Amino acid sequence: KLYIQNEQVKDDNDELLQFTKETMEEVLGAILENVTFNAQKNNDISNNIINDAKAKMKMHFGLYDRKLISDMRYGLYWKIFAETEYNVDEYRNYAVLGDENVVFSGYCKMDQYKNTKELSKTKTIMIAPHHSLRGGFNDMLALSNFDKYSDLYLTLPDRYPQFNFIFRPHPVLFIFLSREDQWGLQKTEEWISKMKSKMNVVYSEGGDYFKEFDTSDALIGDCGSYLVEYFYTGKPQCYLLKNSSDIENKF
């Protein structure tokens, strides 16, 4: 019998076991056999392993993605569809079960994107700030530069009236900034109101952003997923890198 306590694997005698792939596979086997299909009869195992356990085979990798995929819970997925062969290699090297449940599928999300190459007489710049400010919902990632460039964003439409702008913030950004320990609700609403008042700005919200990809001529932002996805348009983009160390430590 193995159990998880304080992110460590121990046996019945409270002896700390070495974190190895074999150990974690044994834990996963117990979960799949005794918990997943019979959770009601195994409440102790379920509580110790699934609800409270955050055990990882690798605990101290600098790369953000490796911290995620080395989490033992990734071994519970029936299939993981990987975007690139590089991703498959990362699972093979750092996931608990290696690449046994990983399928190289390509980036399926972009299958629905069709670049219709709509042309307009006025060039349009898309601005897409991420939400991950320090102290926010994801300090491990913390890629956002919005606190640094928020004033600049407001001046761009006035400085370049010959362009149109699409302002497309991450939906969580202003939820975070509205907190009292950040900007607060009043300052946040005032900033949004100023941006919406610009005659050459479209304030974009909602789930689907492929239309904005299609109608824009270039992108400025610090969102990691947009960095990859905008390449499908074949249009230029300016990625606002927060720290040069992020390249090695997070990607």
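Residue 378 is where the sequence shown starts when you use my numbering, and the numbers rise one by one after that.
All C-beta atoms in this analysis are idealised placements derived from N, C-alpha and C, irrespective of residue type, glycine included.
Just so you know, these numbers come straight off a predicted model, no measurement behind them.
Within a Cβ cutoff of 6 Å, which residues of the same chain sit near residue 443, ignoring the five residues on either side of it in sequence? Your numbering for residue 443 matches position 66 in the sequence shown. The residues are 471.
Is it true that the stretch 532 to 547 meets the stretch 571 to 591, where meeting means three or more beta-carbon pairs spaced less than 8 Å apart? Yes, since at least three Cβ pairs between the stretch 532 to 547 and the stretch 571 to 591 fall closer than 8 Å, the two stretches touch.
Are residue 503 and residue 593 close, meaning C-beta to C-beta below 8 Å? Reading the sequence shown from its first residue, position 126 is the one you call residue 503. Reading the sequence shown from its first residue, position 216 is the one you call residue 593. It is a contact, given that the beta carbons lie within the stated cut-off.
DSSP-derived helix/strand/coil call for residue 478: One-based indexing of the sequence shown puts residue 478 at position 101. Residue state, collapsed to three classes: coil.
Under the three-state DSSP convention, the category residue 525 falls into: Residue numbering aside, residue 525 sits at position 148 when the sequence shown is read from its first letter. Reduced to three states, the DSSP call for residue 525 is helix.
Tell me, which residues are paired with residue 376 by DSSP? Look at the range of the chain in this structure, 378 to 628, and you will see that residue 376 is not part of it.
Considering only the alpha carbon of each residue, which of 527, 590, 509 lies closest to residue 548? By 1-based counting over the sequence shown, the position of residue 548 is 171. The option with the nearest alpha carbon to residue 548 is 509.
Opening and closing residue of the alpha helix (DSSP H) in which residue 554 lies: The residue you call residue 554 lines up with position 177 of the sequence shown. Per DSSP, residue 554 belongs to the alpha helix (DSSP H) from 550 to 554.
Going by the CB atoms, is the gap between residue 617 and residue 599 shorter than 8 Å? Taking the first residue of the sequence shown as 1, we reach residue 599 at position 222. Taking the first residue of the sequence shown as 1, we reach residue 617 at position 240. Yes, they are a contact pair.
Rounded to whole angstroms, what is the Cα-Cα separation between residue 507 and residue 614? The residue labelled residue 507 in the question sits at position 130 within the sequence shown. The residue labelled residue 614 in the question sits at position 237 within the sequence shown. Cα-Cα distance, rounded: 15 Å.
DSSP state of residue 596, grouped into three classes? Here residue 596 refers to the residue found at position 219 when the sequence shown is read from its first residue. Three-state DSSP puts residue 596 in a strand.
In the structure shown, what three-state DSSP assignment does residue 559 receive? Counting from 1 along the sequence shown, the entry for residue 559 is found at position 182. DSSP places residue 559 in coil when its eight states are reduced to three.
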